[in-house]
Each structure stands twice: as structure tokens, then as C-alpha cells.
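Q: For what it's worth, the working numbering labels the leading residue of the sequence shown as 116, then goes sequentially.
This is the structure I have questions about; it appears just below.
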Amino acid sequence: MLMGFFDGLEQKMKNASEVSNLNGQIRETEKLIEKYYYDLGKLYFEKFGESPAEETEDICKAISSGIEKIDDLKKQVVVAKGLKLCPNCGAECPIEVPFCSSCGSKLPMPEPVAKEEPAVCFCSSCGTKLDADAAFCPSCGTAVKSAEPVVEEPVVEEPVVEEPAEEPIPEGMKKCASCGAFVVEKALFCGTCGSKF
């Protein structure tokens, strides 16, 4: 009787192993079919996404919208990193360089933002510089009229020209022979002057 029990147990274990093996094959085949569905859908979208069949129009619009959103988010990531994309090759470049270090193309430069100077008022009696919200002159006590503020001319200082000390070349960088800017060693073009290495 004990032998019959073990024979039955052995058969049950074989059956369980076979069932597990078959279920594994089913899962693998389902994964393969899912991949084929994905590939078929991607191929369909690439060929017919601009003019899809009526049944797939909403799905194609959702895919296009998702692609646009990803592109916008990628652009935001580049800006958040303080970089810009080369319109020619797509390389990420520092925002202040005028040329791409990968392909040498001229890069669009950001428009300088005009910094508004705070308006400065002067006392009409004594000429003392006043705060913008002052009601009376702190020097002579004259009531300040709410007239047009005068924009103070900035004082231009002559720059002091100093001979620059020879800077050591940072590791992983090289120096442009034309302009002296440091660029990544593998760069083909200088990002500052556009010279080819």
C-alpha cells in the first residue's frame, strides 16, 4: 500500500512539472505575441498615423499628443540643465556658446534681456537723490511731487586690462588655438568661435 502511495505521488509530481512547463511556454508565447502587437501598432502608426482608419483615429491622436508632450518635456530638461539643442545635429550645447562643438553649426543665441533700472527721483529744491516712494526730501524737507522719475545714467568705468595668467587646462578638456576657450576633448569644433580642431 505504501508503494502505491509513492507511485501516485511520483505521477502527480510529473504532472505538476509538466503543467508548470506548459504554463511557462504559454507565458513566453503570450509575451512574444504582445511584442508582435506592439511592433504591428508601431509600424501602423508610422505608416498611417497621419491618416489613420476611423477605428484607430483616437488612438493615433493620443499617441501623437504623447510624442509632442515628451518632446516638450525633453526641451524643458535641456533648458533646466542650462543647455540648448543644436538645430542641425541635436547635440546639447552650453547656452552661451555660438557654435555647436559636435558639428560646428551656428547656434541661435538667446536675446539679451533688458534689465530695467529702478527709477530714481531727485528733490526739486536741493537735488538730493530720493527713494522712489519718498513723500518728503530727507535733506531739506520739501514735499516730493509725484512727477516723472528721472532714470539715472549709469557710471561707466574704464576696464582695467590685466595680463591673464596662463590657466591650466582642466582634465578632459582642450584649448582652442583660435580663441583660447576650453572645450571638451572629443569636440570637433570650438563652441565659442566655431573653429575646427
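Glycine included, every Cβ here is placed at the ideal spot set by N, Cα and C.
Mind listing, in chain order, the continuous alpha helix (DSSP H) runs of no fewer than 4 residues lying wholly within the stretch 155–237?
A: List check, alpha helix (DSSP H) in window: 172–195.
Q: Compare the C-alpha of C241 against each of P253, V235, A249 and name the closest.
A: Considering only alpha carbons, the answer is P253.
Q: Exposed or buried, what is F304 when buried is set at 16 or more other beta-carbons lying within 10 Å of its beta-carbon?
A: Classification for F304: buried.
Q: Quick one, are the C-beta atoms of L222 and P213 less than 8 Å apart?
A: Contact flag set, yes.
Q: If you drop the 5 nearest sequence neighbours on each side, which residues of the same chain put their C-beta closer than 7 Å to that of A290?
A: In the sequence as presented, Ala is not what sits at residue 290; that position holds Lys. Cβ neighbours of K290 beyond the five flanking positions: I284, F297.
Q: Just verifying my parser: in three-state terms, what is the DSSP assignment at V298?
A: Three-state DSSP puts V298 in a strand.
Q: Kindly indicate the opening and closing residues of the beta strand (DSSP E) around K290.
A: Taken as a continuous stretch (DSSP letters only), the beta strand (DSSP E) holding K290 covers 288–290.
Q: With DSSP as the reference, identify every bridge partner of F251, one or two as the case may be.
A: According to DSSP, which records beta bridges pairwise, F251 is partnered with A258.
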